[in-house]
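The block underneath contains the structure these notes are about, expressed in structure tokens.
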């Protein structure tokens with residue numbers, strides 16, 4: 012009888028594990044991504060999401076002390092897109108956010124003055140559902 016109980020418990024445990032694995036690994040989890048499609052003296056990329064969140068940082072060499080930037084969202088249904096830039100000293104020179112359904116769907120301009128060298132560009136997507144793009148170039 013002990014052998015029967017062990018086999019029954021093993022079968023129940025195996026069935027329970029299979030149910031957990033198949034229901035926990037669905038493809039319904041929201042995603043978000045950032046892709047860079049322009050490098051060199053200018054930096055540009057695209058953002059997409061279906062309700063997910065992500066943070067991506069990139070190093071970029073800026074020989075000048077400011078940047079010109081442009082960011083936009085299109086066909087978005089929710090969430091936010093933040094573009095943050097720190098100069099070579101790690102000082103924040105830009106922090107702009109587009110929130111779906113609140114205000115403009117694009118922003119552009121010039122960053123604050125910083126130290127030339129290797130700058131850090133950080134793109135943050137939060138519960139982002141839609142697509143957009145950004146571009147950065149050395150300022151004047």
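Numbering (my numbering), first residue to last: 12 to 151. Beta carbons are placed, not taken as given, at the ideal position from N, Cα and C, and that holds for glycine.
Following the DSSP letters along the chain, one finds residue 43 inside the beta strand (DSSP E) bounded by residues 43 to 49. In this structure, the straight-line span from the alpha carbon of residue 71 to that of residue 137 is close to 23 Å. Considering only 141, 125, 43 and 139, the residue with the shortest C-alpha distance to residue 75 is 125.
Here the alpha carbons of residue 130 and residue 69 stand approximately 8 Å from one another. The closest CA to that of residue 58, considering only 50, 42, 96 and 122, is found on 42.
Inside the stretch 94 to 148, DSSP marks whole beta strand (DSSP E) runs of 3 or more residues at positions 103 to 110 and 117 to 121, from first to last along the chain. In the three-state reduction of the DSSP assignment, residue 54 falls in the strand class, which pools E and B. The alpha carbon of residue 120 has as its nearest neighbour, out of 99, 90, 140 and 83, the alpha carbon of 83. Among the bridge pairs identified by DSSP, residue 70 is matched with 131.
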